[in-house]
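The block underneath contains the structure these notes are about, expressed in structure tokens.
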């Protein structure tokens, strides 16, 4: 009986933990660390001169965003949370919140297939609220970061956008 428990329980646990570590080695917060400048955007008029400084440590990404000027206020809601001066993402699934204009954004993040996926929702303001996802990934060569944004308004309107950042400085 003792040997059966060893083979059926202990061996699969060791194999799974090894696979989990192996998968995470490819996608770590450190891969995102550095200075990024917006290169292109699709589906949204992004703020002029958008840059992000990403610091990584443990299971966290600390993102400081700056822009020289907002260009199209009609589309800023899809970027709420991504253009806040500071956003801290805990990749362990821990819930967090941040103020973005009149909204409080509640969010939690985790790893999915080498991407940091953040599920978020806003408080209601003037009868409207939003929810969606931000999916961040870095190219294999580390030169490009893509942020895919999916947003759904409480009235059912869906918006999608993609931001492509170019790395200007890597932080070790």
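In the numbering used here, the protein residues as written are 1 to 172.
Note that beta-carbon positions come from the ideal geometry of N, C-alpha and C, so glycine has one too.
All of these numbers come straight from a predicted model, not from anything done at the bench.
Of 79, 54 and 101, the smallest CA-CA separation from residue 132 is found for 79. When the Cα atoms are used, residue 41 and residue 135 turn out to be separated by approximately 14 Å.
Membership of residue 157 in any beta strand (DSSP E) is not indicated, and neither H nor E is assigned to it by DSSP.
For residue 46, no beta strand (DSSP E) encloses it, and the DSSP letter there is neither H nor E. Burial of residue 165 is indicated by the presence of at least 16 other C-beta atoms within 10 angstroms of its C-beta. Taking all protein chains shown into account, residue 156 has fewer than 16 neighbouring C-beta atoms within 10 Å of its C-beta and is therefore exposed. C-alpha of residue 88 to C-alpha of residue 144: approximately 20 Å in a straight line. According to the DSSP assignment, residue 86 belongs to the beta strand (DSSP E) that extends over 86 to 90.
Annotation for residue 138: the continuous beta strand (DSSP E) segment containing it runs 130 to 138.
When the beta-carbon positions are compared, residue 34 and residue 147 stay at least 9 Å from each other. Taking the Cα of residue 163 as reference, the smallest distance to any Cα among 38, 32, 107 and 93 is reached at 38. Pairing residue 152 with residue 105, the inter-Cα distance amounts to about 14 Å.
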